[in-house]
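Trainee: Those protein sequence lines, which keep their order, are chains A and B.
Mapping the first sequence onto the working numbering, position 101 (from 1) lands on 289, and the numbers just tick up by one.
Mapping the second sequence onto the working numbering, position 284 (from 1) lands on 472, and the numbers just tick up by one.
The structure that follows is given in the form of structure tokens.
Protein chains: 2
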Amino acid sequence: MLVVKKFGGTSVANKERIFNVAKRCIEDYKKGNQVVVVLSAMGKQTDVLLDMARDINPKASRREMDMLLTTGEQTSVALMAMAMDSLGVPAISLNAFQVAMHTTADYSNAKLKRIDTERIYNELENRRIVIITGFQGIDKYDNYTTLGRGGSDTTAVALAAALHADACEIYTDVDGVYTADPRVVPKARKLEVVTYDEMLELASLGAGVLHNRSVEMAKKYDVQLVVRSSLNNNEGTIVKEDTKMEKMLVSGVATDKNVVQISVEGLENKPGVAFKLFQHLANHNVNVDMILQSVEHSGKQDISFTVTEEDADVAIETIDRHAESSLKCDQVNVTRDVAKVSVVGAGMMTHPGVAAKMFEALYDCGVNIRQISTSEIRVTVLIDEKYTEAAAQAVHEKFSLD
Amino acid sequence: MLVVKKFGGTSVANKERIFNVAKRCIEDYKKGNQVVVVLSAMGKQTDVLLDMARDINPKASRREMDMLLTTGEQTSVALMAMAMDSLGVPAISLNAFQVAMHTTADYSNAKLKRIDTERIYNELENRRIVIITGFQGIDKYDNYTTLGRGGSDTTAVALAAALHADACEIYTDVDGVYTADPRVVPKARKLEVVTYDEMLELASLGAGVLHNRSVEMAKKYDVQLVVRSSLNNNEGTIVKEDTKMEKMLVSGVATDKNVVQISVEGLENKPGVAFKLFQHLANHNVNVDMILQSVEHSGKQDISFTVTEEDADVAIETIDRHAESSLKCDQVNVTRDVAKVSVVGAGMMTHPGVAAKMFEALYDCGVNIRQISTSEIRVTVLIDEKYTEAAAQAVHEKFSLD
Chain A
189 MLVVKKFGGT SVANKERIFN VAKRCIEDYK KGNQVVVVLS AMGKQTDVLL
239 DMARDINPKA SRREMDMLLT TGEQTSVALM AMAMDSLGVP AISLNAFQVA
289 MHTTADYSNA KLKRIDTERI YNELENRRIV IITGFQGIDK YDNYTTLGRG
339 GSDTTAVALA AALHADACEI YTDVDGVYTA DPRVVPKARK LEVVTYDEML
389 ELASLGAGVL HNRSVEMAKK YDVQLVVRSS LNNNEGTIVK EDTKMEKMLV
439 SGVATDKNVV QISVEGLENK PGVAFKLFQH LANHNVNVDM ILQSVEHSGK
489 QDISFTVTEE DADVAIETID RHAESSLKCD QVNVTRDVAK VSVVGAGMMT
539 HPGVAAKMFE ALYDCGVNIR QISTSEIRVT VLIDEKYTEA AAQAVHEKFS
589 LD
Chain B
189 MLVVKKFGGT SVANKERIFN VAKRCIEDYK KGNQVVVVLS AMGKQTDVLL
239 DMARDINPKA SRREMDMLLT TGEQTSVALM AMAMDSLGVP AISLNAFQVA
289 MHTTADYSNA KLKRIDTERI YNELENRRIV IITGFQGIDK YDNYTTLGRG
339 GSDTTAVALA AALHADACEI YTDVDGVYTA DPRVVPKARK LEVVTYDEML
389 ELASLGAGVL HNRSVEMAKK YDVQLVVRSS LNNNEGTIVK EDTKMEKMLV
439 SGVATDKNVV QISVEGLENK PGVAFKLFQH LANHNVNVDM ILQSVEHSGK
489 QDISFTVTEE DADVAIETID RHAESSLKCD QVNVTRDVAK VSVVGAGMMT
539 HPGVAAKMFE ALYDCGVNIR QISTSEIRVT VLIDEKYTEA AAQAVHEKFS
589 LD
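The structure is reproduced here in structure tokens:
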């Protein structure tokens, strides 16, 4: 059996943890498995490097930034190989260049294109554990690139796909995927299984266990993932394609407080107004989430949307700049103390009434809904931030997730 | 004009020094020159990495050690490119893999084989300063290697040779090559020119400015070197091939206190005894320097030789182990407080009498000579360590070097 195991930065933050990871991998190896390990940079190493770079040049080119950052994973894989070696198991570390992890040339946000598997197979056949740098790649001119947020997860999934691995285990500091964030909903339970689509909805709602890109890649190449803890031997959560087994109506409740609602009021009601507004925002790289367009009143209309707190100031400035000339709106309202609460479940595609049941739970505990958005397997409401925990717990209970 | 400039770890140890180096390189660039910069790892970074490795595995494989250490230079070249960029000059960093710096697979002590110059020329033609990692290479399987002591100097010389550079400047924390160590001989003067052979003799005598391997390579490929300070704009010392100009009789006086004299007394005077003795030492990687074989007395003979302090204990143990069985010697004497004083000069090949003049200077100040060794351009004497400074100063004055 060929297993790909990915460990994040906290799992290799110091000597003790490095040996902890080494031992877990060696257990697998001693069962006769072929083991490929993907590592991030140690602990806060990436932040240390970023600080060094900012100190030298706050506007450092992304090409040189990637050249600098890729030293982080190279350090952790070399030390891991040394640790395994000291435990008597042959291991070899390989970086993006040695594996030939080809990506696009989009520094700091590159996309994986192709992995040469020959070297890895050779090392595995020599019964070595192969330890590979996550997060990094090389472009066609041999420049280093990095894959952006969640990059090491993506590396692990891509390797599992390229190597036709029998398992791809993503180790984190939590036990798996939960029905809700246990800090928000104390009765949250760990899920045994979620589908790729549920995981994608949960991830984009801030569940934070797996990054969307890695889940999308896993779905595309049908790589079954296991999310589990590096600190214990609990079973974790399996992420896989829809199966024929009965689907859970709702598999989880997600909350996200990193939201600002912006309402642009008194826009002319004519074609192209919404296009102009969102075009201006896109030009400034503002990611817009929930959008609500009001019905017309006296020839005017309002458009509300949400952005992250990081994007809020740029969004507001952009709208202000174009308020008179191009948008011709009356006023802009900004509400910062709002939050999103979502229910996610592959089962809701075939079971109507999920939204109604959710709204009932919110009504029962007196929470007002400011905005609604839905996908095939998700219902999200925007509410006042102070009700986040109460709303999440009420919804969690309503769908019998406790 | 194409210039290769090499800076050591202390020259890039912090932000201020990095910018200092960046500015010096930019001065050259703004004169219209093509500039290639070779850097070592920052300050004590290599030591930090070595400590991390030893903490994980004191017997770490050299392959993984090189994988770890090569992150050091990659960090400094990336930061340097950022610094130059912030000063408005386009720069690009390249590591051993991007330059294709091919070496043998002797991890931690690899030899350079071939450098692909295409990428470097392309970047130079685009009017970029090209910043290259010193000390590191890749073997034919794309594993990282390092070049061992003085490796970055060797990288610089190899690049200068491969690129047919017009100048190769080695920046250090001293002004150049001196007629003697100024701490030992206060009246020492900086030399304007030394030959490769003189530099080799001085380097092997502990002058410590340039490593022998880089000088040997410079000689082989006829790369003219300049050794100069990164802290001021003084002219430095040129290292080049013998010219037709009048050669200095003696260009420098070198001293070395890292010496232990070992005398093996009462050996049988028959063929093969010296061979056996030095074979035993070679088997234990002991580097033997000055050798003196006494004339026969009562069918026996003595052999004295010197080793470094690091090798002394192994040498003594080795001899003791074989003293009765194979060497059949009477006793072993060890003298630790000895030192070597040498005069070096390409001119002595054609001017006899240098040794006599040196011995006269030593006699004049009452210093006893324990042992003598010579090469074509060098005379070395072994004396009591306490006379090192007095002897060096007397010899320095005798040859009018003050």
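Here a beta-carbon is modelled for each residue, glycine too, at the ideal position from N, C-alpha and C.
Taking G260 (chain A) as part of the alpha helix (DSSP H), name the residues at either end of that continuous run.
Mentor: Run containing G260 (chain A): 250-274, per the alpha helix (DSSP H) assignment.
Trainee: Go to S439 (chain A), then tell me how far its beta strand (DSSP E) extends in each direction, as first and last residue.
Mentor: No beta strand (DSSP E) holds S439 (chain A); DSSP gives it neither H nor E.
Trainee: Check each candidate in A:D385, A:N202, A:S228, A:T291 and name the one with the smallest Cα separation from Y332 (chain A).
Mentor: The option with the nearest alpha carbon to Y332 (chain A) is A:T291.
Trainee: Taking one C-beta from the region 444-463 of chain B and one from the region 402-414 of chain B each time, how about it: are there three or more such pairs within less than 8 Å?
Mentor: As far as the Cβ criterion goes, the region 444-463 of chain B does not touch the region 402-414 of chain B, which means the pair count is below three.
Trainee: Along the beta strand (DSSP E) that carries E357 (chain B), what are the first and last residues, could you check?
Mentor: Segment 355-360, the beta strand (DSSP E) holding E357 (chain B).
Trainee: Using the three-state DSSP reduction, which class does Y295 (chain B) fall into: helix, strand or coil?
Mentor: Y295 (chain B): coil per DSSP, three-state reduction.
Trainee: Just to confirm my understanding: we take E313 (chain B), look at its own chain, exclude 5 residues before and 5 after, and list those with CB closer than 6 Å. What are they?
Mentor: Here the set comprises nothing.
Trainee: Taking the alpha carbon of Q519 (chain B) as the reference point, which residue from B:K545, B:Q489, B:G533 has its own alpha carbon closest?
Mentor: Cα-wise, what sits closest to Q519 (chain B) is B:Q489.
Trainee: Kindly indicate which residue of A:E380, A:Q286, A:K247, A:M270 has the alpha-carbon position closest to the one of M270 (chain B).
Mentor: Of the listed residues, the one whose Cα sits closest to M270 (chain B) is A:K247.
Trainee: To the nearest angstrom, how far is the alpha carbon of G197 (chain A) from that of A241 (chain A)?
Mentor: So the alpha carbons of these two residues sit roughly 20 Å apart.
Trainee: Quick one, are the C-beta atoms of L267 (chain B) and I206 (chain B) less than 7 Å apart?
Mentor: Yes, they are a contact pair.
Trainee: Check S199 (chain A) in the structure and name its three-state DSSP category.
Mentor: Of the three classes helix, strand and coil, the one that applies to S199 (chain A) here is helix, per DSSP.
Trainee: Show which residues of chain B have a CB atom less than 7 Å away from the CB atom of I206 (chain A).
Mentor: Result: I244.
Trainee: Note down, in chain order, every chain B residue with its Cβ under 8 Å from the Cβ of T576 (chain A).
Mentor: Result: empty, since nearest Cβ-Cβ is about 41 Å, beyond 8 Å.
Trainee: Throw me the rounded Cβ distance for the A348 (chain B) and V192 (chain B) pair, which I believe falls under 8 Å.
Mentor: Going by Cβ atoms, the distance from A348 (chain B) to V192 (chain B) rounds to 4 Å, so yes, they are a contact pair.
Trainee: Chain B partners of T263 (chain A), CB-CB under 7 Å?
Mentor: Those are L256, T259, listed as they occur along chain B.
Trainee: Are V526 (chain A) and E573 (chain A) closer than 7 Å when you measure CB to CB?
Mentor: Going by C-beta atoms, V526 (chain A) is nearer than 7 Å to E573 (chain A).
Trainee: Whose Cβ in chain B lies nearer than 7 Å to the Cβ of A266 (chain A)?
Mentor: Within 7 Å Cβ-Cβ: E252, M255, L256.
Trainee: Reducing DSSP to helix, strand and coil, say where N310 (chain B) ends up.
Mentor: N310 (chain B) falls in the helix class under three-state DSSP.
Trainee: Between the region 283-297 of chain A and chain B, which residues of the former have a C-beta closer than 7 Å to a C-beta of the latter?
Mentor: Hits within the stretch, in order: F285, Q286.
Trainee: Kindly give me the distance between the Cβ atoms of L335 (chain B) and T343 (chain B), rounded to whole angstroms, as I take these residues to be in contact under 8 Å.
Mentor: Right, the Cβ-Cβ distance comes to about 7 Å (below 8 Å), so this counts as a contact.
Trainee: If you draw a straight line from the alpha carbon of H468 (chain A) to that of R337 (chain A), how long is it in whole angstroms?
Mentor: Spanning the two alpha carbons is a distance of roughly 25 Å.
Trainee: Where DSSP assigns a beta bridge to H485 (chain A), which residues make up the other side?
Mentor: In DSSP, H485 (chain A) forms a bridge with A:K488.
Trainee: Under a Cβ-count criterion, where at least 16 other Cβ atoms within 10 Å of its own Cβ denotes burial, should V448 (chain A) be classed as buried or exposed?
Mentor: Classification for V448 (chain A): buried.
Trainee: Examine chain B for any beta-carbon lying closer than 7 Å to the beta-carbon of S274 (chain A), and answer yes or no.
Mentor: Yes, its Cβ sits closer than 7 Å to a Cβ of chain B.
Trainee: Along the region 197-223 of chain B, where does the CB come closer than 7 Å to a CB of chain A? Name the residues.
Mentor: Taking 7 Å as the Cβ-Cβ cut-off against chain A, the residues of the region 197-223 of chain B that qualify are K203, I206.
Trainee: Give me the Cα-Cα distance between A355 (chain A) and K328 (chain A), rounded to the nearest whole angstrom.
Mentor: The straight-line gap from Cα to Cα measures roughly 30 Å.
Trainee: Given that A241 (chain A) touches chain C, what residues does it touch there, using C-beta distances under 9 Å?
Mentor: Given the protein chain composition of this structure (A and B), no chain C is represented.
Trainee: Taking Cβ positions only, does A527 (chain A) come closer than 7 Å to chain B?
Mentor: No, A527 (chain A) does not count as interfacial toward chain B.
Trainee: Suppose contacts are defined by Cβ-Cβ distances below 7 Å. Is I358 (chain B) in contact with D341 (chain B) by that definition?
Mentor: Contact: yes.
Trainee: Tell me the DSSP secondary structure of I340 (chain A) in three-state form.
Mentor: It should be pointed out that residue 340 (chain A) corresponds to Ser in this sequence rather than to Ile. Three-state DSSP puts S340 (chain A) in a helix.
Trainee: For A248 (chain A), go through chain B and note every residue whose CB falls closer than 8 Å to its CB, in chain order.
Mentor: The answer, in chain order, is M270, D273, S274.
Trainee: Going straight from the alpha carbon of V542 (chain A) to that of A580 (chain A), what length do you get?
Mentor: Distance between the alpha carbons of V542 (chain A) and A580 (chain A) is about 15 Å.
Trainee: Listed in chain order, which residues of the region 324-336 of chain B have Cβ atoms closer than 9 Å to some Cβ of chain A?
Mentor: So the close ones are I326, Y329, D330, N331, Y332.
Trainee: Short of 7 Å in beta carbon distance, which residues of its chain neighbour A346 (chain A), apart from the five on each side in sequence? Order them along the chain.
Mentor: Answer for A346 (chain A): L300, I303, M405, listed in chain order.
Trainee: Does the distance from the CB of I326 (chain B) to the CB of A298 (chain B) come in under 7 Å?
Mentor: Result no, Cβ atoms of I326 (chain B) and A298 (chain B) do not sit closer than 7 Å.
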